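Right, one structure below, let's go through it.
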Amino acid sequence: MKKRIINKYFLIALSAGALMASCSKSFVTKNPNASLPFNEALDTSTVLGSDLNAVYAELRGVDQYGRDWPVLGDLMADNTFLEARNSGRYLSQFGYTVPITDGVTQSMWQNSYQGVLYANQIIDANVNGADDIKAQAYALRALLYFKMVNIWGKQFTVDSSSPGVPLVLHYDVTLLPGRASVGTVYNQIVSDLITALQHAPQYSSSVTLSYYAIEGLLAKVYMYMGRYQDALTAAQDVIDNSGFTLVSASNFLSFWADPGIHTDQVEVMFEEDCDAINNNGFDDLGGIYINGYQDLYCSIQLANLYSNTDVRGQLLLAGATKGGASAFLVNKYPNAQNSDRDNPKVLRIAEVYLIAAECENRLGDDPDAQTYANDVAQARDAAFTGYTSTGQTLLMDIATERRKELAFEGDRLYDMNRLGLPIVRASNPGSAPSGDGLTIPYPDDRRIAPIPQQEILRNPTLASQQNPGY
Amino acid sequence: MRKLLSFLCLILVFTLGVTAQEMRTVSGTVLDATGAPVAGASVTVKGGTAGTSTGIDGTFSLRVSSDAKVLEITAVTFAALEVNISGKTKIGVVNLQPANKDLSEVVVVAYGTQRKTNVTGSVATVTGAAVADKPFTSVDKALQGDVAGVQVSSTSGAPGSATDIRIRGIGSINASAAPLWVIDGVISTSSDLSVNTTTANPLSTLNPDDIESITVLKDAAAVAPYGSRGANGVILVTTKKGRIGATRFNIVGEFGQNSRAFNPSNKPQNSTQLQTTLRESLINAGYAADNAGADNLIFNAFGYPKNYTSTNTNWFDVVSQNGAQTDVNMSLSGGTDKTQVYASGGYFNQEGISIASNFHRFSGALAITHHAGDRFTLSASLNGSNTAQHTPSNGGTFANPVLASYFLLPWNTPYLPNGQLRFGDADTLFEFPTNGGIFNPVVQAKLNSNLAQQTAFRGNATGELKIVNGLKLTSRFAGEYINVQEDQYRSPFYGDGFADGGDAYSTYTRVFNYTWSNFADWRQKVNTDGDMYLDLKAGIEAYDSRYYTLQAGGHSFPLTPNLRFLASTSTPTTATALPSEQTTFSEFGIADFNIKDRYVLSGSLRRDESSVFGSEHRWGTFWSLGGTWNLNEEAFMKSQNLFTLLKLRASYGQLGNTNGFPGYTALATYGSGFNYQGQPGLAPNNVGDPALTWEKDNSLNIGLDFGMLKDRFNGTIEWYDRQTVGLLSPIPFSYTSGFSSQNENIGTVDNKGIEITLSGRPVVTHDFSWLISFNIAHNVNRVKSLFQNKPIPNGVFEYTIGHDLQEYYLQQWAGVNTQTGQAQWYVDGNTKQQITTNYDSAGLGLNRQADPKWFGGLTNTFTYKGFTLDVQVTYNFGNWIFDNWYNYLNSDGGYVGSFNQFSSQLKSWQKPGDKTDVPQLIYGDPSNSNAPSTRWLYKGNYMRMRNIQLSYNLPSDVIKKLHLANISVYFRGTNLFTWGVDKNLPYDPEAGINSTANLEVVIPKTAAAGIRIGF
């Protein structure tokens, strides 16, 4: 009896051991459940479509169109001010004391190149039938480099041989690239946009890039390069053939109040979608102006530019800072607390008109320049009788029109850099004293951001390529 | 087999014969060397099966056969004692001697127990009482100061929070450097399981009162049986089991109060102080000429009311509470020689000292051992518990009450003059923003909740079969099941939830791990005397760890404070579910060769195959060799009486570490979740390394154990050198690649150190005894190789060859210019020659480490008659604490209008000649004087009275009258005193392994009283 029991236990132990040993191969093979190997993520046009969504999503981030880009273009110029009682954001940018360790600067750098990687992977994917997807990837890469070269480099028209940003076009984590010249970066941007146009998709909605939106971007890039004829040609093609129309004065406020996606070709050519689920939460653009931190306000200088009959002035709400000083609150992005969030605008048809206006003026055709500028100005202010100035005065008038039209969309600083204008701030009640009434001459090293210290530590090639003044 | 059968028959006959014999009862009292009763000592007839255990008063009585000759008395931490009982019914008082005198004491080791004589590795034991006697929510926190070389540091004082443990330094940077926890054979989860609440420590589900003993395995010889998981040390927890004898009941009840352990001298400023700072900053910046001008700005630009300094809120007090705590445990233990049972139930409740923090636990344990015949033993145990804890958010979140207590301005108030809470429309002074910014912490605590609940079961069933004498087969299935349910609710009325109409996030996380081990133990005698023998163990093991998480979120609640769960929201925002799994298959063998107890050689070999790595790199082999020379067993030592124990040990081996390796890292992958416009998005999220394999730890240990003067003094001195090669270390990429870094097996880090443990009984009289035990450890951590041997920046640290892994790489602060009041840094961070006032020209330098150079504990125990006084002090020296929040709170005028400042800012430079470390305060300070630099570091030295306990055992005549076995009452204090802290440090000096202050719930001190009753 005992003997049999023992044998039984023996057998159980032995068979258990054998069972475990034989299963070991499959037992130790496990695969991830929420990620794909590289090759499976780049092998069909359908999966490339999902890869493309990630590039758009990247540009929505707080450090890109989500907040930093639109905010800094105005705050570092003269359109907005930071109130004394603030949440601690953008203080160094407002006061022009950005250190090389600045977190905002580093995030803008790091996340932009992440977007570049996502786009590069799509462009380099060996997939047929994905031309429209690749076209968007080219255009988005161009857009990223355009923003970067303007933040970290001098203006093309000032010195195209000065250092721009490292130009990375293919995936290779071991590269330690130095800075390509501003000219080289711009040439790549132009080349990417032209490539994109060849297979660009037709317009389907405002939140993805389509043919004329890309051409509009190309016009802007040409203008920044001083290639006014090329810019004008592209801008005119958009104005004449795209089907996009300026939003009317009567619909202007409802246009800005609407956080939804547009499919009507009215005004917005490309915007970054922030919806009820995919958004930046507290850090949404509107939060920093009005429904949230409420740190930034419209400067007195800008507010005074809008006439009483200018509908754009109604995007400013007379109120007070949190500290109690009278100030104009920016209501261009009113949906920071609603389900659907404001979509930061990347390109509007109004800007294309203003590009055409500036290029006509630069090329010596002031009457046509006035016409394009008036198209925008009179759509916003029916009482406006029209521009009659010429030459340099008209150029400055168009710059002012750009300032009024594109306020809080992040272009002002780069326009001022491009036009060689000093930044002369007025004093605003309730402003954080550090940047209040500040004057930054042109040129000034501090108008160009430092290469982040963390990048220099990782990439010794850049150690000797820091921007002057840092 | 025939032989075996006849042998079995013989046993059967023998057993029957015994039962037929006449019986008698033997009684006696077991006391320790000081005369104190030893409770729970096991009393058995040598060579027989009858047995019992002593009561709390040390007494026992046992029915034995009339021819029984010898009783064996054993108890944890005491040496076994044999007593002749031939013809006796009373043996009177017997005194047990402390264990280390006798090397036959048994310690818990990997896959079983081992005689101390045979131990070649570094093994330290902590009794269950030592951890149960401290009022912490989890066993990990209670280990602080108990074992040399085991560094225990909590970042958070929140009840139920996780704790960092490092054994012999940091041996991993990107995998886990934490030790492996094995609870009753279950490879247990010890890392924080919280997903969207702040913390959920799985070890908090184990009731410390159910722990019998804890063994810490530190070197290769001890740890190698755990192969690829043991490199960072192993902590073995053995829970209580039933004992033979009459059923004993024990009840413990304890009640206490918690408050802030450390009250810094550098505090947030009060209203008048902040007014001074604010005025000074504005005037120095040139925005005002004098105080009147500054006030003008303060009233108009900042918008503070004219009488703002008349209000003075101490936000520390506002966010603190005096937390009550209750601990009640009941247990029973008993059994026959066939079957023994232990059962317990416990309730623990601790309120944290920050508002909105508390912890509850119900727990139960059941352990059964059953001897089926003489050859087969089944033991099974199950520990189950349910915990619920509330923990506020930590770090830089607006809802963090601890952050609020430092940042909020002293002239803000949580309540309106009429007693209502200040928020929303009632907050007419806009002290607390509605939509972002630091919220009113009192409203937060009242309206919102962060609840984490864990349900955990750990259990094992073990069958042991003795085939023949010397050969035993064991099959053990040990598993752990933990589910964590997290419910976060943010009210629609105020705070983080206001913007989206209130929101809720619920997470369900489940961990199921099992380890199935099958092994055989075999003793081979080498000589006929049997004093040379070989102990062999060989087996196979399968380990499977399955993790599953389900998360959902939504917003827009009905506008009532009473509906708080996701079900009431109208708009779903998040829904995700994700399983992951890791498996290991192993084969192992362990051998010990004992030569007359004088020399012991040990070796182990283990092969592991892990699912974490690429298919070509799954197998790894781990091994160890150890040797012991028990000098006191040598003939030449018999003539001296200075040393009662002298034992020299050495071991070397190679261990592995796969703990904390993120699953699937070997693959280059695209991850999901990069969604846009409601469409799914995929993006590259992992560079991938097909050559990925374990970190290997080459570990050398040399130890000396000694006992002197009849064991009045004992000690252990150990020296170790553990070198981790193939360190999973980040290969940094230029950000322009789109990736920041990738972890690969490149790098070596070395931890060398010594550990000293000493204990002694300087005074032992009949009524009074003094026991002192002391441990201290010194560890030197040095990086030996890296990718291209180039430094790797990592936050505030930089991994650099020849330096500590956690050495700060920062701009070097050169103090304040006495003439100009400007901040200064060194241009070259290493040579520290030239000084600059331009932060961007400041050089980075590598110095000052976050790891303590020395740490340990000192315990004194005084016993006088029924009174016992225990005092434990822990200490920690040589590290520096990094203050993540320095730039906001010591902003030199930078944030002075927005956030409160520390009182140390009052020492600011005023006029030429002033010697101070605080620059001239300038509003909107352009000098970046408050930017990261060594100025942000504080000395991390401290000593703390970790525990003090006075207990009193009621005299036995009183107890007898009450018909009880014992009663003792006690009073204790935990963390009552803290000494030696940097006077500028505004936080608790216990700041986690990386010494970084992150505005967590502060560490509590506890005063408690309790009673233990046994019957």
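Note that the protein sequences, when read in sequence, are chains A and B. Following the working numbering, the numbering of the first sequence begins with 49 at its first residue and continues without gaps. Following the working numbering, the numbering of the second sequence begins with 2 at its first residue and continues without gaps. Built from N, CA and C at the ideal position, the CB exists for glycine as well. Everything numeric in this text was worked out from a predicted model, so none of it was measured.
Fully enclosed by the segment 99-161 of chain A, which beta strand (DSSP E) runs are 3 residues long or longer? 128-130
Between B/THR60, B/PHE499, B/PRO209 and B/ASP220, which has its C-alpha nearest B/LEU656's C-alpha? By 1-based counting over the second sequence, the position of residue 656 of chain B is 655. When each option's Cα is compared against that of B/LEU656, the closest is B/ASP220.
By the criterion of Cβ-Cβ separation under 7 Å, what are the contact partners of B/VAL970 in chain A? Position 969 of the second sequence, counted from the start, is the residue given in the question as residue 970 of chain B. Result: empty, since nearest Cβ-Cβ is about 50 Å, beyond 7 Å.
Can you tell me where the beta strand (DSSP E) with B/ALA1058 in it begins and where it stops? Since the first residue shown for chain B is 2 and the last is 1016, residue 1058 of chain B is missing from the structure and cannot be characterised.
Best match in B/PHE707, B/THR156, B/GLU542 and B/GLY425 for proximity to B/GLY496 [C-alpha to C-alpha]: For the purposes of this step, residue 496 of chain B is taken as the residue at position 495 of the second sequence. If we check each option's Cα against that of B/GLY496, B/GLY425 comes out closest.
Tell me which residue opens and which closes the alpha helix (DSSP H) that B/THR278 is part of. Position 277 of the second sequence, counted from the first residue, corresponds to residue 278 of chain B. Here the alpha helix (DSSP H) through B/THR278 covers 272-285.
If we count the other Cβ atoms within 10 Å of its Cβ and call it buried at 16 or more, is B/GLN152 buried or exposed? In the second sequence, the residue the question calls residue 152 of chain B occupies position 151. B/GLN152 comes out buried.
On the DSSP letters alone, give me the boundaries of the alpha helix (DSSP H) that A/ARG410 sits inside. What you label residue 410 of chain A is simply residue 362 of the first sequence in a count that begins at 1. 397-410 is the span of the alpha helix (DSSP H), which, as asked, contains A/ARG410.
The segment 864-884 of chain B: positions lying closer than 9 Å to chain A by Cβ: none
Starting from the Cα of A/TYR251, find the closest Cα among A/PHE292, A/ASN326, A/TYR337 and A/THR243 and give me that residue. Stepping through the first sequence from its first residue, residue 251 of chain A is reached at position 203. When only C-alpha atoms are compared, the closest one is A/PHE292.
What's the gap between the Cα of B/SER904 and the Cα of B/VAL919? Translated into the one-based positions of the second sequence, residue 904 of chain B becomes position 903. Translated into the one-based positions of the second sequence, residue 919 of chain B becomes position 918. So the two alpha carbons sit approximately 11 Å from each other.
Counting contacts by CB-CB distance shorter than 8 Å, is A/LYS393 in contact with chain B? Looking up residue 393 of chain A in the first sequence gives position 345. Closer than 8 Å: no.
Given a cut-off of 8 Å, decide if B/VAL46 and B/SER54 are closer than it, judged by their beta-carbon atoms. Position 53 of the second sequence, counted from the start, is the residue given in the question as residue 54 of chain B. Position 45 of the second sequence, counted from the start, is the residue given in the question as residue 46 of chain B. Contact flag unset, no.
In angstroms with no decimal places, state the Cα-to-Cα distance between A/ASN101 and B/SER673. On the first sequence, position 53 is the one that residue 101 of chain A refers to. On the second sequence, position 672 is the one that residue 673 of chain B refers to. Roughly 11 Å between the two C-alpha positions.
Give the residues of chain B in contact with A/GLN246, contact being defined as C-beta atoms less than 7 Å apart. Position 198 of the first sequence, counted from the start, is the residue given in the question as residue 246 of chain A. Within 7 Å Cβ-Cβ: nothing; A/GLN246 doesn't reach chain B, min ~24 Å.
Cβ neighbour criterion (16 or more within 10 Å) applied to B/ASP134: Position 133 of the second sequence holds residue 134 of chain B. Classification for B/ASP134: buried.
Reduced DSSP secondary structure (H/G/I, E/B, other) of A/GLY361: Indexing the first sequence from 1 puts residue 361 of chain A at position 313. Correct three-state label for A/GLY361: helix.
Interface flag, A/THR20 vs chain B, CB-CB below 8 Å: Residue 20 of chain A falls outside the range modelled here, since chain A spans only 49 to 518, and no answer is possible.
By the three-class DSSP mapping on this structure, what secondary structure does A/HIS247 have? Reading the first sequence from its first residue, position 199 is the one you call residue 247 of chain A. Here A/HIS247 sits in helix by DSSP.
Could you please tell me which residues of the segment 311-326 of chain A, in chain order, have their CB closer than 8 Å to any CB of chain B? ASP321, ASP323, ALA324, ILE325 and ASN326
What do you get for A/THR94, buried or exposed, if any count of 16 or more other CB atoms within 10 angstroms of its CB means buried? Taking the first residue of the first sequence as 1, we reach residue 94 of chain A at position 46. It counts as exposed.
Please list, in chain order, the residues of the segment 219-234 of chain A that have any C-beta partner in chain B closer than 9 Å. TYR219, ASP220, VAL221, THR222, LEU223, LEU224 and PRO225
Report yes or no: is there a C-beta of chain A within less than 8 Å of the C-beta of B/GLN421? For the purposes of this step, residue 421 of chain B is taken as the residue at position 420 of the second sequence. False, the Cβ-Cβ gap to chain A never drops below 8 Å.
Distance between A/ASN339 and A/TRP304 (C-alpha atoms, nearest Å): Within the first sequence, residue 304 of chain A is the residue found at index 256, counting from 1. Within the first sequence, residue 339 of chain A is the residue found at index 291, counting from 1. Computed Cα separation, rounded: 15 Å.
Just how far apart, CA to CA, sit A/ASP285 and B/SER492? The residue you call residue 285 of chain A lines up with position 237 of the first sequence. The residue you call residue 492 of chain B lines up with position 491 of the second sequence. Taking the straight line from one Cα to the other gives about 52 Å.
Under the DSSP definition of a beta bridge, which residues are partnered with B/HIS804? Taking the second sequence and counting its residues from 1, the one referred to as residue 804 of chain B is at position 803. Answer is none; B/HIS804 lacks a bridge partner.
Taking C-beta to C-beta, are B/GLN525 and B/LEU537 nearer than 8 Å? For the purposes of this step, residue 525 of chain B is taken as residue 524 along the second sequence, with counting starting at 1. For the purposes of this step, residue 537 of chain B is taken as residue 536 along the second sequence, with counting starting at 1. Contact: yes.
Min CB distance B/GLN911 to chain A below 8 Å: The count along the second sequence starts at 1 and reaches residue 911 of chain B at position 910. No - not a single Cβ of chain A is within 8 Å of the one on B/GLN911.
When the Cα atoms are used, what is the spatial distance from A/LYS195 to A/GLY201? Taking the first residue of the first sequence as 1, we reach residue 195 of chain A at position 147. Taking the first residue of the first sequence as 1, we reach residue 201 of chain A at position 153. Approximately 10 Å between the Cα atoms of the pair.
Taking A/ARG227 and A/VAL213 to be in contact with their CB atoms under 8 Å, please state how far apart those CB atoms are, rounded to whole angstroms. If you number the first sequence from 1, residue 227 of chain A lands on position 179. If you number the first sequence from 1, residue 213 of chain A lands on position 165. Confirmed, about 6 Å.
Kindly indicate which three-state DSSP category B/ASP103 falls into: helix, strand or coil? What you label residue 103 of chain B is simply residue 102 of the second sequence in a count that begins at 1. Since pLDDT at B/ASP103 reaches only 44, below the 50 mark, its modelled position is unreliable, and no value is offered.
Runs of beta strand (DSSP E) wholly within the segment 621-687 of chain B (minimum 3 residues, chain order): 644-658, 670-673 and 683-687
Which full runs of the beta strand (DSSP E) of 3+ residues lie inside the segment 886-948 of chain B, going along the chain? 938-940
Let me know the secondary structure DSSP gives A/VAL197 once reduced to three states. Here the question's residue 197 of chain A lines up with position 149 in the first sequence. In this structure, A/VAL197 counts as helix in the three-state DSSP scheme.
Tell me, please, whether the CB atom of B/ALA381 is closer than 8 Å to any CB atom in chain A? As a first step, residue 381 of chain B is located in the second sequence; it is residue number 380 there, counting from the start. So, not an interface residue.
My assumption, with CB atoms under 8 Å, is that A/GLY458 sits in contact with A/VAL197. Please give the rounded CB distance. Position 410 of the first sequence, counted from the first residue, corresponds to residue 458 of chain A. Position 149 of the first sequence, counted from the first residue, corresponds to residue 197 of chain A. Not a contact, Cβ separation roughly 15 Å.
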